[in-house]
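*Asks:* Questions regarding the structure given below will be posed in turn.
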Amino acid sequence: GAVVSQHPSWVICKSGTSVKIECRSLDFQATTMFWYRQFPKQSLMLMATSNEGSKATYEQGVEKDKFLINHASLTLSTLTVTSAHPEDSSFYICSATGGADTQYFGPGTRLTVL
Amino acid sequence: GENVEQHPSTLSVQEGDSAVIKCTYSDSASNYFPWYKQELGKRPQLIIDIRSNVGEKKDQRIAVTLNKTAKHFSLHITETQPEDSAVYFCAARKSYNTDKLIFGTGTRLQVFP
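Residue numbers (this note's numbering), protein chains in the order written: chain H, 26 to 139; chain Z, 287 to 399.
As structure tokens, then:
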């Protein structure tokens, strides 16, 4: 089956620093990647949709200058949380689709901002 | 925009019993409805999905039914086992111009031995 990896799996950073999270499709070309945020015991909240070679489409209420998304190739998308603050602490999950219906999820990245 | 409601939020059953989780969606143009299982701290895993041209789909102990008229779909798990314990999310996707999934709020299922 399709495999999506994420790196790092967890990260702790100081307030004010930036953190980059990578999402890779390992065995298929991902035409579209999605970035979600998930708070404890809550649902998946879509942050943005990322298509290779074009600008990401952000959901309402998500600051594009704070959450920078780059989809440089058909197998890699990155999310950079800029000037992170404690309220940005969360579980960030990416997913990828190769043009069919199914979205395959990465294992997630737990971000803790001190 | 699309809105997906999911009930119940928690569900406890005895091992061997059946579990049913229900979702309703608002956009009649939605045409794809996956169900994901998420264990604590892990990624969501697709367990079954259904498209709008089908009323029911079954895969071993798991089945999904879709009522397009009423705009609701349900997940049925029979002969539940303790390893079925997890959070289950339904989702809906519009048919045009997007691959976006709108997720329900999740159901925490506990299966007691």
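C-beta: ideal position from N, C-alpha, C; glycine also.
Quick caveat, the model's predicted, so the values are computed rather than measured.
1) Spell out the partners DSSP gives serine 75 (chain H) in its beta bridges.
2) Name the chain H residues whose beta carbon is nearer than 8 Å to that of tyrosine 318 (chain Z)?
3) Thinking tryptophan 35 (chain H) and cysteine 119 (chain H) are a contact (beta carbons under 8 Å), I'd like their distance in whole angstroms, please.
4) In chain order, what residues of the same chain have a beta carbon less than 6 Å from the beta carbon of histidine 362 (chain Z), not counting five sequence neighbours either side?
5) Kindly give me the distance between the Cβ atoms of serine 75 (chain H) and leucine 51 (chain H), rounded to whole angstroms, as I take these residues to be in contact under 8 Å.
6) Less than 8 Å separating the beta-carbons of aspartate 370 (chain Z) and leucine 395 (chain Z)?
7) When you compare each of Z:Phe389, Z:Cys376, Z:Lys323 to serine 360 (chain Z) by their alpha carbons, which one comes out closest?
8) Sorted by chain position, which residues of the same chain lie with C-beta nearer than 6 Å to glutamate 342 (chain Z)'s C-beta, five sequence neighbours on each side aside?
9) Under 9 Å between beta-carbons, which chain H residues line up against aspartate 345 (chain Z)? List them in chain order, please.
10) Which ranges would you report for the beta strand (DSSP E) in the stretch 349-396 of chain Z if only whole runs of at least 3 residues count?
11) Among residues of its own chain, excluding the 5 on either side of arginine 49 (chain H), which ones have a beta-carbon nearer than 6 Å to its beta-carbon?
12) If we count Cβ pairs, one from each stretch, closer than 8 Å, do we get three or more for the stretch 72-86 of chain H versus the stretch 319-328 of chain Z?
13) If I'm right that threonine 366 (chain Z) touches serine 304 (chain Z) with Cβ under 8 Å, what's the distance once you round it to whole angstroms?
14) Establish whether the CB of threonine 296 (chain Z) and some CB of chain H are separated by less than 8 Å.
15) Taking the C-alpha atoms as reference points, what is the distance between glycine 131 (chain H) and valine 290 (chain Z)?
16) Among H:His32, H:Thr107, H:Ser114, H:Gln54, whose alpha-carbon lies nearest the alpha-carbon of glutamine 128 (chain H)?
17) Using three-state DSSP, classify aspartate 113 (chain H) as helix, strand or coil.
18) If contact means a Cβ-Cβ distance below 7 Å, which residues of the stretch 55-78 of chain H contact chain Z?
19) Along the beta strand (DSSP E) that carries glutamine 463 (chain Z), what are the first and last residues, could you check?
20) At a CB distance below 9 Å, what residues from the stretch 363-394 of chain Z approach chain H? Give them in sequence order.
*Replies:* Taking the structure as given:
1) H:Met58
2) Asp126
3) With a Cβ gap of about 15 Å, tryptophan 35 (chain H) and cysteine 119 (chain H) do not count as contacting.
4) Val306, Ala349
5) Not confirmed; about 17 Å, so no contact.
6) yes
7) Z:Cys376
8) Thr351
9) None at all; the shortest Cβ gap to chain H is about 14 Å.
10) 358-363, 372-380, 387-389
11) Ser30, Thr100, Leu101
12) no
13) 7 Å
14) no
15) 23 Å
16) H:Gln54
17) helix
18) Thr57, Ser68, Leu69, Leu71, Thr74
19) With chain Z running from 287 to 399 in the structure shown, residue 463 (chain Z) is simply not present.
20) Val373, Phe375, Ala377, Arg379, Thr384, Asp385, Lys386, Leu387, Ile388, Phe389, Gly390, Thr391, Gly392, Arg394
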